[in-house]
Amino acid sequence: MTDNPPPIPVPMPKKILVSVEGSEPSLKESSLKAARYALNLASTLSAELIGVCVVQIPEYIEESTRVSLREELVGKSVKTLEEIRELASVSKVRFSSRTLETSGSIATAVCNFSEKEGVDLIVLGTRANTAALAKMMLGSVASGVASNASCPVLIVR
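So for the sequence shown, my numbering puts the first residue at 56; every next one is plus one.
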């Protein structure tokens with residue numbers, strides 16, 4: 056008979072970030088699935104939930120195009136975050152949200168924001184049907200966040 060050492064206590068997250076996408080329907084669907092999971096987790100743990108949507112605006116485009124693109128993407132972002140706010144209200148989860156803008160990597164923006172905010176857990180969705188070649192060529196936000204975050208990451212399929 057062996058003596059098992061006592062389990063090491065792991066602090067449960069008190070501040071959870073859910074990163075969502077609002078522009079493409081299939082990404083929005085996976086984002087809302089992740090948001091529902093994060094809401095259930097936050098409710099169970101009495102944790103705060105922060106919803107973040109990162110809008111990627113290319114640096115080298117004409118100003119009128121930039122303004123139009125920003126307006127469209129931020130509008131979709133706000134709509135998605137508002138849907139999550141309504142779900143959080145029903146679940147009685149403390150919720151705040153931010154739309155971030157970057158010309159660089161979305162994954163880097165999520166990681167930097169989560170570190171700045173002292174987040175304990177990042178939750179995000181991913182599409183299960185993404186082809187391996189597409190992931191290799193385009194990269195993956197979920198993969199980038201999982202590889203670079205300074206806190207645990209939960210990827211919801």
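C-beta: ideal position from N, C-alpha, C; glycine also.
| Query | Result |
| --- | --- |
| Taking contact to mean 3 or more Cβ pairs, one atom from each stretch, closer than 8 Å, check whether the region 93-100 and the region 111-123 are in contact. | no |
| Classify K83: buried if its beta carbon has 16 or more other beta carbons within 10 angstroms, exposed otherwise. | buried |
| Please name the residue or residues paired with I71 in a DSSP beta bridge. | L104 and L176 |
| Cβ atoms of S169 and L72: under 8 Å apart, would you say? | yes |
| Relative to the alpha-carbon of Y147, which residue among E172, I112, E127 and E103 has its alpha-carbon at the smallest distance? | First, the amino acid is wrong: residue 147 is Lys here, not Tyr. The shortest C-alpha separation from K147 is found at E103. |
| May I ask you to report which of helix, strand or coil DSSP gives T157? | strand |
| Can you look up I210 in the DSSP assignment and give me helix, strand or coil? | strand |
| Checking 8 Å against the spacing of the C-beta atoms, do P113 and S74 come in under that value? | no |
| Use the C-beta contact count for G215: other C-beta atoms within 10 angstroms, 16 or more gives buried, fewer gives exposed. | Residue coverage of the chain in this structure runs from 56 to 212, which leaves residue 215 outside it and unanswerable. |
| Select from P68, R153 and L179 the residue whose C-alpha is nearest the C-alpha of S86. | L179 |
| Where does S152 sit, in a helix, a strand or coil, going by DSSP? | strand |
| Should V107 be labelled buried (16 or more other beta-carbon atoms within 10 Å of its own) or exposed? | buried |
| Does the Cβ of E76 have 16 or more other Cβ atoms within 10 Å, making it buried, or fewer, making it exposed? | buried |
| Could you tell me the distance, in whole angstroms, from the CA atom of R153 to the CA atom of A90? | 14 Å |
| What distance in whole Å lies between the Cβ atoms of L155 and V109, which are believed to be in contact at a cut-off of 8 Å? | 5 Å |
| Taking just the CA atoms, how far does N203 sit from N167? | 9 Å |
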